[in-house]
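What follows is a single structure, written as structure tokens, with notes after it.
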Amino acid sequence: MPRSIATQKALREWKLYFFLAPSLILVVMFSYFPAASAVYHSFFDWAGGETKHLIGLDNFRRAFGDQVLWNSFKTVSILVVFNLFKMIPSIFLAVIIHRIVSDRWQYFYRIFLVIPMIVPHLVTLFIWKFFFDPNLGALNKVLDLTGIKEVLVQIDQWFGWGVFHANASIGWLSQPELILPSLFIWGFPWIGTVGVLIYLAGLQSIGKEIYEAAELDGVGPFKKFLYIELPLIVTQVRLSLVLLIIGTLQGYGLQLVLLGNAGGPDGRGMVPGLWMYNRAFISGELGYACAIGMMLFVFILALTLINNKYVRVDK
Amino acid sequence: MKLFKNRDSINHAIVWFVLLIELFPIYMMLQVSFKDNAEFIKNPWLPSNPETWQWENWAFGLKLITPYIANTLFVAVTGTVATLFLAILASYFFARQKMPFSGFLWSAFLILMLMPGVANLVPLFNLLKNLSLLNSLLALIIVGVAGAQVFNIFILRNFIEDLPNDLFEAAEMDGANHFQQIVNIVIPMAAPIIGTLSILAFLQKWNDFLLPLIILRDKELFTLGVGLIYLDGEYVKQWGQIMAAYFIASVPLIIIFLFCMRLFVRGLSAGAIKG
Chain E
232 MPRSIATQKA LREWKLYFFL APSLILVVMF SYFPAASAVY HSFFDWAGGE
282 TKHLIGLDNF RRAFGDQVLW NSFKTVSILV VFNLFKMIPS IFLAVIIHRI
332 VSDRWQYFYR IFLVIPMIVP HLVTLFIWKF FFDPNLGALN KVLDLTGIKE
382 VLVQIDQWFG WGVFHANASI GWLSQPELIL PSLFIWGFPW IGTVGVLIYL
432 AGLQSIGKEI YEAAELDGVG PFKKFLYIEL PLIVTQVRLS LVLLIIGTLQ
482 GYGLQLVLLG NAGGPDGRGM VPGLWMYNRA FISGELGYAC AIGMMLFVFI
532 LALTLINNKY VRVDK
Chain C
1489 MKLFKNRDSI NHAIVWFVLL IELFPIYMML QVSFKDNAEF IKNPWLPSNP
1539 ETWQWENWAF GLKLITPYIA NTLFVAVTGT VATLFLAILA SYFFARQKMP
1589 FSGFLWSAFL ILMLMPGVAN LVPLFNLLKN LSLLNSLLAL IIVGVAGAQV
1639 FNIFILRNFI EDLPNDLFEA AEMDGANHFQ QIVNIVIPMA APIIGTLSIL
1689 AFLQKWNDFL LPLIILRDKE LFTLGVGLIY LDGEYVKQWG QIMAAYFIAS
1739 VPLIIIFLFC MRLFVRGLSA GAIKG
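Chains E and C, in that order, give the protein sequences. Residue 527 in the working numbering sits at position 296 of the first sequence, with consecutive numbering throughout. Residue 1760 in the working numbering sits at position 272 of the second sequence, with consecutive numbering throughout.
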């Protein structure tokens, strides 16, 4: 009987459960318990202390009428689109490095790619914040030097945006209209080291003879990409796509660092995660923050399930 | 130009162009760190004359950042070792023996991979408050270890399952218990993947700033992230000092990078193929 064998085994090897116990206890305490606690507290009016009032669905009703929350969902959707676009340079860079014949140069470029990773993420963000500075920042200086600013001013006058002015410096992080563009520009040229290395690993399975055959058939560089290279990294691209969408929806560290806890001028950079952080730790409405967290949670979970169904990631 | 084959030269040019922009922030950080504000406004782009280099910037940065680096190193090293140690034990449990409930327990772990952790922050804060762990580095370590378990167990289980069974049987014949099997077989055989996972875990803990920001109150306990955020909040900014501090904040990673580059590039590539 299989059951008794299993039981015997459990009796004989019971000590093995101690191997799992520490991880299990940690996960239950710091992942499962907070999740359950978030669900529970989202039904309370709670400021973090002992006193809390059960208010049923009021937090959720308030959230549905909360204009800031709706706008933050809109903003984060735009950011997801931006970030999808920002995946492209990494893919192209990986393909270009892969097409370089010399293995030595390939390895050399890989090392150079890893160098930006030695700068802590936060420092990268602060350096970008420094670049965005209206008077001292590198971005405005580059735009002045290259004459792109004049072009921008011309376009501005043509369309009547009133954003760029010939005599004033551009306030990337202080003009409400420029918050979203700044969140797009930051990190240019948008190379993700880990992404490039993973794509390169996928590309490695293409033999040189396939390229030679393609060349004999007169296949152009773009068709080579479409028919030879892209199919081989499609799994990795899908995986980074899924991780990127989830990461963008959850993330708010970028906005917190660049724009502050109110999401910048007019709250144009407010995202749901930052609004949850703001409600919890700035205004002390922990119950409401839990409700926002729950809504975001359900939203992301639904997307993940759809992803898993339609965008298969082969393990 | 006999350096590259002709067909490649466009590709090389593109890669160099991208790399130069990519490395531009690091260049700026380094050259501004030697200037005072007046010098920087006069000459923002090019490095200044070495005779006028402001070494005081670096002295200031060192004094400011070193305690934060010490705290962060403590958290990241302890956290990484504990993460990997516990994850190896747990993945051995899942990979080597089919125990009763192991299927159920495995799904309990796996579900967490799908669950977004964003809603956890507020209750986590409250939990740590009730455990009187607010304003302590221990809290950062524990939460970090707990959060990293699922991913590491997931990768390590696959790896340990692929190790040849004969090795374990031979060890069992010799009377090795499970812990000895882990020390003598799993850890040496899985050393490359453990190395890669360690670097990833370390980087993650090094870069974390959201949790420290809400937990830590005392200046003596600040980790790098919180320290840098407070530095950014200063009203009058001495860019040279700030940039020197940023660069010093990167030094530990530079050292790790020098020693583990190969492991990192290779490991990431190999791990990616396995999925």
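We put the beta carbon where it would ideally sit given N, CA and C, even for glycine.
Within the segment 1674–1700 of chain C, those residues whose Cβ lies closer than 8 Å to any Cβ of chain E are, in chain order, L1691, W1694, N1695, F1697 and L1698. Taken through DSSP and simplified to helix, strand or coil, K246 (chain E) comes out as helix. Secondary structure at K283 (chain E): strand, using DSSP grouped into helix, strand and coil.
In terms of Cβ geometry, S321 (chain E) and V427 (chain E) form a close pair [threshold 8 Å].
Going by DSSP, F275 (chain E) is part of the beta strand (DSSP E) stretching over F275 to W277. In the three-state reduction of the DSSP assignment, R330 (chain E) falls in the helix class. In the structure shown, V502 (chain E) adopts coil according to DSSP, grouped into three states. Shown in chain order are the members of the segment 268–299 of chain E whose Cβ falls below 8 Å from a Cβ of chain C: S268, A269, H272 and G279. Interface residue (Cβ-Cβ distance to chain E less than 8 Å): M1661 (chain C) is not classified as such. Non-local beta-carbon contacts of A520 (chain E) in its own chain, meaning distances under 7 Å to residues more than five positions away in sequence, involve M507, R510 and A511 in chain order. E1722 (chain C) has a beta carbon lying at 8 Å or more from every beta carbon in chain E. The closest CA to that of F1512 (chain C), considering only E:I327, E:S273, E:R335 and E:P420, is found on E:P420.
For W403 (chain E), the three-state secondary structure derived from DSSP is coil. Contact between F1656 (chain C) and I1673 (chain C) holds, since their C-beta atoms are separated by about 6 Å, short of 8 Å.
Secondary structure of E516 (chain E) (DSSP, three-state): coil. At least one C-beta of chain E is nearer than 8 Å to the C-beta of D1496 (chain C). In the structure shown, the three-state DSSP call for P1535 (chain C) is coil.
Contact with chain E is absent for V1563 (chain C), since none of that chain's Cβ atoms lies less than 8 Å from the residue's Cβ. Within the segment 1531–1548 of chain C, P1532 place their CB atoms closer than 7 Å to a CB of chain E, listed in sequence order. Ranked by Cα distance from L285 (chain E), the first of E:V270, E:E446 and E:V299 is E:V270. For the segment 1732–1752 of chain C, the set of positions with a beta-carbon nearer than 7 Å to some beta-carbon of chain E reads Y1734, A1737, S1738, L1741, I1742, F1745, M1749 and F1752 in chain order. Secondary structure of L1625 (chain C) (DSSP, three-state): helix. Around the beta carbon of M525 (chain E), a 10 Å sphere encloses 16 or more other beta carbons of the protein chains shown; the residue is thus reported as buried. Under a 10 Å Cβ-count criterion, R1645 (chain C) is classified as buried, with 16 or more other Cβ atoms of the shown protein chains found around its own Cβ.
The straight-line gap separating the alpha-carbon atoms of I1529 (chain C) and F1562 (chain C) is approximately 38 Å. Within chain C, the residues whose beta carbon sits less than 7 Å from that of F512 (chain E) are I1702, listed in sequence order. DSSP places I1498 (chain C) in the uninterrupted alpha helix (DSSP H) bounded by S1497 to V1520.
For G491 (chain E), the three-state secondary structure derived from DSSP is coil. Distance from V345 (chain E) to M501 (chain E) at the Cβ level is roughly 34 Å; contact not present, criterion being Cβ atoms closer than 8 Å. Residue burial is scored here from C-beta neighbours: R330 (chain E) has at least 16 other C-beta atoms within 10 angstroms and is therefore classed as buried. Here the C-alpha atom of D497 (chain E) lies approximately 35 Å from the C-alpha atom of I1736 (chain C).
Per DSSP, K1586 (chain C) lies in no alpha helix (DSSP H) and is assigned neither H nor E.
In the three-state DSSP reduction, G1605 (chain C) falls in the coil class, being neither helix nor strand. Of all residues in the segment 326–355 of chain E, the ones placed with a Cβ closer than 9 Å to any Cβ belonging to chain C are I327, I328, R330, I331, V332, S333, W336, Y338, Y340, R341, I342, F343, L344, V345, I346, P347, M348, I349, V350, P351, H352, L353, V354 and T355, in chain order.
Counted as a single uninterrupted DSSP element, the alpha helix (DSSP H) harbouring S308 (chain E) occupies residues Q298 to K317.
Within the model, the alpha-carbon separation for I1702 (chain C) versus S1536 (chain C) is close to 40 Å.
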